[in-house]
Structure formats: structure tokens, C-alpha cells
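Undergrad: The structure is given below, and queries will be raised subsequently.
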Amino acid sequence: YKMATITTNDVQIIGSLNRDEGHKRLATCLGWKAFDEDFDLRSSILLDYLYDNLMFAIAKGFPWSQVLHVLHLVLDVHNDSIGKELVDVIKCYTSKAAQFSDRISENNIKIFTTNYFSTYLTHYKLYKYVFSVEQERNFYSYDLQVDVPIPPLPLKDSKEHNIWEYEKKIADIEAVEEKTKAERGLDFENTITEDHELLSKTFKEGCVPGDEEENAVKISREAIVKLIADAAKAHATAATHSIVANIESVLEDLEFKLEKTSLPRPQALGPPPRFRGKTPLSRAKQGGKSPSREKSPKRKGSGRSTKSKS
């Protein structure tokens, strides 16, 4: 890792920024290309190493020029100690620190050395493993669909919470009602189909195969009576199914209406709507009005009848 031209002004700017912004600024000043810290762990760890030592020197009040030399010192030690044993790293640091003795004061060298030994050199084995052993990069990326929250409605279209809850419960009941009606209609259609098939089967079984004139001769009275009885029975079965279906429909409608009316209605919505019962009489009234009796107009005149003259 090499260091690009970096000035004391750059160091001052880095020290005035927060950690995230300071990281980015330091990487730019070092001349590094943009990288993803989650994938390029070596560059990320080295950047932390340089930034932490830089901020330590700033926190201890080192002159800006000496802070810059501290940054050069720790980078040189890192580059020359990759893959070496701890003893060799200590010798390397001692040698490098002596080379910077004319640029960093003796007191500041001592302060920095104490911190350097308690941080970097204490955990050197971890640094050595990261920078000397190649690791397999097993990264997986998935495209996930993110459903963003529905934007809230304007306040002018808002409702009170109790009204919203009431309308939601009503909507849930009506949804179940529609589903029940659809299932009931499907069952009724299947029943009608079965009844029609039964009627067709009854008439087919009553017919004798052959010529129509021969059938008229061969069909006996008993066969005709049986055919009529079977047809009447099939028709009665179909009528019974229709009546039962209508009764069940009325009962289910009443249950749903009762469930709606039993909910406590908010006062702000006013009185609940009135439900009209679905009875055969009401259906007949909906189909049309019964014709009214028209009165014949009375003829005006004297009460006497006129006689024709012969």
C-alpha cells in the first residue's frame, strides 16, 4: 500500500470530520480507489488502522506536521511487517521510529509508542492472519422485492378510529357474504343440473327403442302410468330442491343482516339503514304493480229510458 501526496491541511480536514466522513476523506487523500468495505476487508481494516492512529495523534495534541509523519510511520511499519513474526515487527518499528526521530519529538514518540504497543502489536496475530493468508471470498447476492409502505391519505380524507373499525368490520362481513352467495349459487347450479339429468333419464327409460308407431303400440298402460309417476317424482324432487335453496338463501341473508345490525354503530354515521325482507310477495311487488280496478264512467242524462218508435 502506497501513500499519495497528503498535506497537513488534509490532516486538519480529516480531524474535523466524523468517523464515516473522515474514513472517506482519508481514503481519497491516500489515492485509493473506491471500494466496498463489506467485501474488501483488507482495505477496510487497513483504513481503520491508519485512521485510528491518526486520530490518536490529533487527540494527544501533536502538531499537525508531526501528525502527518505519524501517518507515514505506521504505514511504513505495516508494509514492512506483513507476514513476519512479532519479534521482527518490534524491531521494524524501533528502526522506523528512530528514522522519524528528527521529525517527531521524543516525548510524542514515547506517547505514541505506548499506545501502538497496546493496540496494534497486542493484536498483531490477527493483523498478520488477515494480510498474509488468502481467504476464499464466498459472497452471495439476492434480488429481493421490497414492498414500501402505502402512502398515507390526506388528513381531509381521514376518519375517526371507531368509524374506521366499524366500516372495516362491515366490509369483512360483506366479503364473507359475497363468498357464501357465490358458493351457494354454484351448489344450486349443480343441483339443477342433477335434477335435469334425472328428468332426462326418467323419460329415456320410459321409451321403448324402435319405430315411433311401434312404440305407440307396445307401450302399455302400466308403463305410461309408471312413466308419469316417475316424471312427477323427479319434478317434485327438483321443486323441493329449489324451495330448500330459497329458504336457505333467506336464512343466510337474515343471519348476515343480523350480524351487521348487532355491531355498535358510531353515532356520527346516523341511524342504520333499514333492510327489506326478500319474500315472494316483495318480489312480486318489485316485478310490477297489480292492476287497479277501473271504474266505468257514469253517463249523464235524465233518468228516463228512451223507447224507439216503431
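Under the UniProt record's numbering, the residue at position 133 of the sequence shown is numbered 133, and the numbers go up by one with no gaps. The beta carbon of each residue, even a glycine, is placed where N, CA and C say it ideally should be.
Alpha carbons only, please: which of 186, 248, 265 and 15 is nearest the one belonging to residue 60?
TA: 15
Undergrad: Output the boundary residues of the alpha helix (DSSP H) element that contains residue 5.
TA: Careful: residue 5 lies outside any alpha helix (DSSP H) and carries neither H nor E.
Undergrad: Measuring straight from C-alpha to C-alpha, what distance separates residue 217 and residue 225?
TA: Reliability of the predicted coordinates at residue 217 is poor, the pLDDT of 44 falling under 50, and no value is obtained from them.
Undergrad: Assess contact between the segment 54 to 72 and the segment 34 to 42, defined as three or more Cβ pairs (one per stretch) separated by less than 8 angstroms. Is contact present?
TA: no
Undergrad: In angstroms with no decimal places, state the Cα-to-Cα distance between residue 165 and residue 175.
TA: 15 angstroms
Undergrad: Considering residue 148, what are the terminal residues of the alpha helix (DSSP H) in which it resides?
TA: From DSSP, residue 148 is part of no alpha helix (DSSP H); its letter is neither H nor E.
Undergrad: Between residue 215 and residue 223, what straight-line distance do the alpha-carbon atoms span, to the nearest angstrom?
TA: Residue placement at residue 215 is poorly supported in this model, since its pLDDT is 46, which falls under 50; the coordinates are not used for a value here.
Undergrad: Measure the beta-carbon distance from residue 375 to residue 128 and round it to whole angstroms, keeping in mind my assumption that it falls under 8 angstroms.
TA: There is no way to answer for residue 375, as the model of the chain reaches only from 1 to 310.
Undergrad: Please state whether DSSP places residue 284 in a helix, a strand or coil.
TA: Any reading at residue 284 must be qualified, since the residue scores a pLDDT of 44, below 50, and its modelled position is unreliable; no value is offered.
Undergrad: If you compare alpha carbons, which of 80, 97 and 81 is closest to residue 69?
TA: 97
Undergrad: So, with DSSP's three-state summary, where would you put residue 75?
TA: helix
Undergrad: Can you give me the start and stop residues for the alpha helix (DSSP H) that residue 252 sits inside?
TA: Residue range 221 to 261 is occupied by the alpha helix (DSSP H) that includes residue 252.
Undergrad: With H, G and I counted as helix, E and B as strand and the rest as coil, what does DSSP make of residue 164?
TA: helix
Undergrad: Does the separation of the CB atoms of residue 232 and residue 195 fall below 7 angstroms?
TA: Pairing residue 232 with residue 195 gives a Cβ-Cβ distance that is not under 7 angstroms.
Undergrad: One question on the structure: do residue 27 and residue 47 come within less than 7 angstroms of each other, judged by their Cβ atoms?
TA: yes
Undergrad: Take residue 261 and list the residues in its own chain whose beta-carbon comes closer than 7 angstroms to its own, dropping the five residues that flank it on each side.
TA: 272
Undergrad: For residue 85, tell me which candidate among 169, 122, 109 and 243 has the shortest Cα-Cα distance.
TA: 122
Undergrad: Identify, in the order they occur along the chain, each residue of the same chain with its Cβ nearer than 8 angstroms to the Cβ of residue 92, setting aside the five sequence neighbours on each side.
TA: 77, 80, 81 and 84
Undergrad: Anyone know if the C-beta pair for residue 145 and residue 104 falls short of 7 angstroms?
TA: no
Undergrad: Report all residues from its chain with a CB closer than 7 angstroms to the CB of residue 310; omit the five preceding and five following residues, and keep chain order.
TA: With a pLDDT of only 34 at residue 310, under the threshold of 50, the placement of this residue in the model should not be trusted; the figure read from the coordinates follows. If we look at residue 310 and ignore the five residues flanking it on each side, it has no Cβ neighbours.
Undergrad: Please return the same chain residues whose Cβ sits closer than 8 angstroms to the Cβ of residue 330, not counting the five positions on each side in sequence.
TA: With the chain covering 1 to 310 only, the question about residue 330 has no answer from this structure.
Undergrad: Can you list, in chain order, the residues of its chain whose CB lies under 8 angstroms from that of residue 163, leaving out five sequence neighbours each side?
TA: 266, 268 and 269
Undergrad: Between which two residues does the alpha helix (DSSP H) containing residue 82 stretch?
TA: Looking at the DSSP string, residue 82 is not in any alpha helix (DSSP H), and its letter there is neither H nor E.
Undergrad: Can at least three beta-carbon pairs, one atom from the segment 146 to 163 and one from the segment 109 to 125, be found at a separation below 8 angstroms?
TA: Contact between the segment 146 to 163 and the segment 109 to 125 is absent, because fewer than three Cβ pairs lie under 8 angstroms.
Undergrad: Please give me, in chain order, every unbroken run of the alpha helix (DSSP H) with length at least 4 that falls completely inside the segment 95 to 125.
TA: 106 to 119
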